[in-house]
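First comes the structure, then the notes that go with it.
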Amino acid sequence: MANILVIDDEKSIRNTLKEILEYEDFKVDIAAEGVEALEMLEKKDYDVVLCDIKMPKMDGIEVLERIHGGTHNTQVIMISGHGNIDTAVDAIKKGAFDFIEKPLDLNRLMITIRNAMDKSNLITETKVLRKKVSKTFEMVGDSPAIKKVRDMIDLVAPTDARVLITGDNGTGKELVARWLHEKSQRSVNPFIEVNCAAIPSELIESELFGHEKGAFTSAIKQRIGKFEQAHGGTLFLDEIGDMSLSAQAKVLRALQENKITRVGSDKDIDVDVRIIAATNKEMKSEINSHQFREDLYHRISVIIIHVPSLNERKDDIPLLATYFNELICNEYGIPQRNFTVESIKELQKITWTGNIREFRNVVERLIILCPNNIDAKDVIAFAQPISK
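All residue numbers in the sequence shown are consecutive under my numbering, ending with 388.
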């Protein structure tokens, strides 16, 4: 049941609206002026506020500004018998959901309230989803190595500098790329990922730049490439060291000119993307063996962030175990396991060739196979089954 606050200095209007809205199964509180209403908003969450404009002490526009200047998700519908187009426009600009003139059309009022509630629910759902996404991509650890990575992200993210992320498989290079995007001014725009190692060399150009219908045998319709999809946002080129030399040349041109050309077309298309690349290869060796263009390397490596292996940050294993224990048990809908001190010490003895990815799999395996406490003997028995 939705909570509605009615703010109006006319007692008859307050009481009439309260009676009508309660008949429609809303929970309704009333306030005679703005200061009283703001005090009520501090004590209780409201889905929708109906606010008069002309009131003593504090007018409705100031109430609106105070509501949207705080932490409230409340949708505000302005109502007035003294309004004009300028007043309505001013109210909408300052965050009002809608503006309704008195005498009120009750049908329109009810429709507007329900639409405002829908928007409020969407905002709440979006915040919940963002929290879930942030939880999924959380960077766990307090070791000096991971703190250095966090500090680099905070320094670099607000800029448009191109970043090359290096590190072994499973260390969390994609996680770093996502945080660079989330903490940038481009965060409201797309984050588009391309796994250069997973796309055949003959298709990588079509994947990145798109193609026109009929450009090749299987091109039965026009395709928008990843560069265009990421316009205004971030393009993450994962495993860029596996990109073909012909695709490298075209990527270099795109970075130099901020233009791309679809396969089968001669028309240039302007693109505005921030490039973040990642690789597990030693790029200097790739350049020396003529597998990677040196000029492209210098274009993408304005900033280099090296993600440490888990073996370089074993002090983070207790935190990682707690994090994955909570995450995995919540996913399965089961009680969290108890990792004993001895089990953590045993996990810290392991050489993690697969890094965080391998560690997560081991924690999940232990959770599934050990219904209660997880002890050192369980880690020895189940953590490295290949060696047994």
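Positions of the beta carbon are idealized from the N, C-alpha and C atoms, including for glycine.
All figures in this text were calculated on a predicted structure; none of them were measured in a lab.
Tell me whether residue i is buried or exposed, calling it buried when 16 or more other Cβ atoms sit within 10 Å of its Cβ.
i           : result
residue 308 : buried
residue 387 : Note that residue 387 has pLDDT 46, beneath the 50 cutoff, so the model's placement of it is unreliable and no number is given.
residue 134 : Low confidence applies to residue 134: its pLDDT is 49, below 50, so where it sits in the model is not reliable, and the reading given next is rough at best. Counting Cβ neighbours within 10 Å, residue 134 comes out exposed, since fewer than 16 surround it.
residue 82  : exposed
residue 216 : exposed
residue 369 : exposed
residue 312 : buried
residue 248 : buried
residue 197 : exposed
residue 151 : exposed
residue 12  : exposed
residue 251 : buried
residue 85  : exposed
residue 24  : exposed
residue 155 : exposed
residue 114 : exposed
residue 214 : exposed
residue 268 : exposed
residue 21  : buried
residue 138 : exposed
residue 228 : buried
residue 242 : buried
residue 106 : exposed
residue 108 : exposed
residue 316 : buried
residue 246 : exposed
Do residue j and residue i come within 7 Å of each other at the CB atom, strictly closer than that value?
i           : j           : result
residue 260 : residue 191 : no
residue 40  : residue 32  : no
residue 303 : residue 163 : yes
residue 14  : residue 38  : no
residue 78  : residue 91  : yes
residue 35  : residue 57  : yes
residue 165 : residue 305 : yes
residue 187 : residue 244 : no
residue 272 : residue 232 : yes
residue 168 : residue 195 : no
residue 180 : residue 153 : yes
residue 326 : residue 379 : no
residue 276 : residue 236 : yes
residue 219 : residue 117 : no
residue 211 : residue 264 : yes
residue 348 : residue 314 : yes
residue 189 : residue 123 : no
residue 360 : residue 324 : yes
residue 183 : residue 157 : yes
residue 28  : residue 18  : yes
From the DSSP output, which residues share a beta bridge with residue i?
i           : result
residue 50  : 6 and 77
residue 195 : 238
residue 31  : 7
residue 278 : 165
residue 14  : Beta-bridge pairing links residue 14 to no other residue.
residue 263 : 211
residue 382 : None, per the DSSP bridge assignment.
residue 270 : 259
residue 98  : 77
residue 304 : 164
residue 373 : 338
Would you please state the rounded distance, in angstroms, between the beta carbons of residue i and residue j? I believe it to be under 8 Å.
i           : j           : result
residue 63  : residue 7   : 7 Å
residue 160 : residue 274 : 5 Å
residue 4   : residue 170 : Their Cβ separation, rounded to whole angstroms, is 51 Å, which puts residue 4 and residue 170 out of contact at 8 Å.
residue 328 : residue 278 : Going by Cβ atoms, the distance from residue 328 to residue 278 rounds to 25 Å, so no, they are not a contact pair.
residue 338 : residue 300 : Not quite, the Cβ-Cβ distance comes to about 45 Å (not below 8 Å), so this is no contact.
residue 270 : residue 280 : Actually they are not in contact, since the Cβ atoms of residue 270 and residue 280 sit about 32 Å apart, beyond 8 Å.
residue 342 : residue 376 : 4 Å
residue 352 : residue 310 : 4 Å
residue 94  : residue 61  : 7 Å
Would the C-beta of residue i count as close to the ligand SAM, meaning under 6 Å from any of its heavy atoms?
i           : result
residue 362 : As far as ligands go, the structure on display features none, and thus does not contain the ligand SAM.
Q: State whether the segment 189-206 contacts the segment 285-301, with contact taken as three or more CB pairs (one from each stretch) at a distance under 8 Å.
A: no
Q: Evaluate contact between the segment 136-147 and the segment 50-64, counting only Cβ atoms and requiring at least three cross-stretch pairs below 8 Å.
A: no
Q: Say whether the segment 362-372 touches the segment 315-333, bearing in mind that this needs 3 or more beta-carbon pairs closer than 8 Å, one atom from each stretch.
A: yes
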